[in-house]
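Residue numbers (full-length UniProt numbering): 1 to 411. Where a beta carbon is used, it is the ideal one built from N, C-alpha and C, also for glycine.
Okay, here's the thing in structure tokens:
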């Protein structure tokens, strides 16, 4: 029992990152034996169990984590624990219970962008069930009835003198031997003991609710960017697997920030996938300095025979033509159109093509740079690529990337 729990947890994280799930489970189990009230250890072991396809064990650890997080009053850990609980239930095909856990996870952390992803996957699975399927029922409670394991008691070791006495040997004491004086144990008052100060990770300066991400994809790759200032490279864990992605790093509050996509929409190749932690130039960002140098809208590279295209004007013209078409057809133009909540619209609005509906909503809610990126990438690639990253798209023409088995031809 002499091993440090933090060292065991670090070994568990390394094993989890290298997809050695039995070793990860073993290391986290040893750490839990020493600190059975660590929410993070149970969450990580639950993740290892889940990826090893031991879903019932993953559920058990996630539920213990929920109980511990509720006792500590930690909302972030409550959200993460409920999310892991929901994922385990989803993989066990207990869809109603999984949906309840996802809702509880969202209640404690509305900023977690991985929760809507799992809710969407749940909707797809539910759409394949009959209305009276028992798997739709909700049978779980928000705080499960789980007992917390107690720490194992340390075994008292025998002294060397006792061992010598048990062996039957009697050693002669030296002439100058003095009887050791008895000392009285003095316990200091609580006021005299200064509690240890919590360690705060240095570097990260972006609050958790301000962390944002962008993504874009081509026919052969998907790129995801997280925007965080001061991420410590030595404390960042990135797990790239064939069907999942996980990025974890410490926040100034002492809690861990975790960005997880598990499972991914399609499989990836971990051996050719990679990640980079970039350090921005001090004081300014590239986009800010570029905007200051030019007073007029920038002209972006193009191979079009008709010359460069002003994508700002394209977006504005598209918005104006949409409004004019509504007015011409007799529809009343809604002055509060920007305040529409697409979640409250009738399902028929997007039922004909759910994917198209998703991108309509994405475009509707996007900022001008994202709209320009989506429009330019879609038009120039002939509909084969869609990107939300204007910094990438604005550098040049987006090439046509037909799906595997198809060939792009000019008409």
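Alpha-carbon spacing of residue i relative to residue j, whole angstroms
| i | j | result |
| --- | --- | --- |
| residue 236 | residue 130 | 44 Å |
| residue 251 | residue 28 | 22 Å |
| residue 164 | residue 148 | Any reading at residue 164 must be qualified, since the residue scores a pLDDT of 39, below 50, and its modelled position is unreliable; the value itself is stated next. So the alpha carbons of these two residues sit roughly 41 Å apart. |
| residue 221 | residue 146 | 43 Å |
| residue 294 | residue 376 | Confidence at residue 294 is low in this model, with a pLDDT of 39, below 50, so the placement of that residue should be treated as unreliable; the coordinate-derived value is given next. Rounded to whole angstroms, residue 294 to residue 376 spans 21 Å at the Cα level. |
| residue 414 | residue 124 | Absent from the structure is residue 414, since the part of the chain shown begins at 1 and ends at 411. |
| residue 100 | residue 364 | 29 Å |
| residue 150 | residue 37 | 9 Å |
| residue 74 | residue 67 | 11 Å |
| residue 238 | residue 14 | 10 Å |
| residue 407 | residue 400 | 10 Å |
| residue 120 | residue 98 | 12 Å |
| residue 471 | residue 249 | With the chain running from 1 to 411 in the structure shown, residue 471 is simply not present. |
| residue 69 | residue 63 | 10 Å |
| residue 402 | residue 65 | 46 Å |
| residue 12 | residue 26 | 8 Å |
| residue 394 | residue 388 | 11 Å |
| residue 23 | residue 122 | 30 Å |
| residue 224 | residue 19 | 21 Å |
| residue 267 | residue 45 | 23 Å |
| residue 55 | residue 217 | 32 Å |
| residue 233 | residue 277 | 7 Å |
| residue 91 | residue 265 | 15 Å |
| residue 71 | residue 143 | 10 Å |
| residue 30 | residue 263 | 28 Å |
| residue 116 | residue 396 | 33 Å |
| residue 89 | residue 380 | 43 Å |
| residue 244 | residue 21 | 14 Å |
| residue 303 | residue 110 | Legend: pLDDT at residue 303 = 49, less than 50; position of this residue unreliable, value from coordinates given subsequently. For residue 303 and residue 110, the distance between alpha carbons rounds to 43 Å. |
| residue 240 | residue 16 | 11 Å |
| residue 133 | residue 57 | 25 Å |
| residue 392 | residue 108 | 34 Å |
| residue 106 | residue 118 | 11 Å |
| residue 385 | residue 371 | 14 Å |
| residue 499 | residue 369 | With the chain covering 1 to 411 only, the question about residue 499 has no answer from this structure. |
| residue 231 | residue 136 | 41 Å |
| residue 378 | residue 229 | 31 Å |
| residue 269 | residue 219 | 14 Å |
| residue 261 | residue 247 | 9 Å |
| residue 362 | residue 227 | 19 Å |
| residue 242 | residue 47 | 15 Å |
Buried versus exposed call for residue i [16 or more other C-beta atoms within 10 Å across all chains shown]
| i | result |
| --- | --- |
| residue 102 | buried |
| residue 418 | Given a span of 1 to 411 for the chain in the structure shown, any question on residue 418 remains unanswerable. |
| residue 104 | buried |
| residue 199 | With a pLDDT of 44 at residue 199, under the threshold of 50, the modelled position of this residue cannot be trusted; read the value that follows with caution. When all chains shown are included, residue 199 counts as exposed. |
| residue 329 | For residue 329, the predicted model reports a pLDDT of 49, less than 50, meaning its position is unreliable; a value from the coordinates is still stated below. It is exposed - the Cβ of residue 329 has fewer than 16 other Cβ atoms within 10 Å. |
| residue 113 | exposed |
| residue 6 | exposed |
| residue 94 | buried |
| residue 9 | buried |
| residue 274 | exposed |
| residue 215 | exposed |
| residue 3 | exposed |
| residue 271 | exposed |
| residue 212 | exposed |
| residue 141 | exposed |
| residue 40 | buried |
| residue 60 | buried |
| residue 128 | exposed |
Presumed contact (8 Å Cβ cut-off) between residue i and residue j, rounded CB distance
| i | j | result |
| --- | --- | --- |
| residue 366 | residue 390 | The pair is not a contact, with the Cβ atoms about 10 Å apart (cut-off 8 Å). |
| residue 35 | residue 42 | Not confirmed; about 10 Å, so no contact. |
| residue 138 | residue 96 | 4 Å |
| residue 259 | residue 208 | Incorrect: roughly 11 Å between the Cβ atoms, too far for contact. |
Neighbour flag for residue i against chain C, beta carbons, 8 Å
| i | result |
| --- | --- |
| residue 275 | The structure shown contains no chain C; it holds only a single protein chain. |
Three-pair Cβ contact test at 8 Å for the stretch 73–81 versus the stretch 48–55: no
Completely contained alpha helix (DSSP H) runs for the stretch 104–136, where each covers 4 or more residues: Those alpha helix (DSSP H) runs which fall completely within the stretch 104–136 and span 4+ residues are 114–126.
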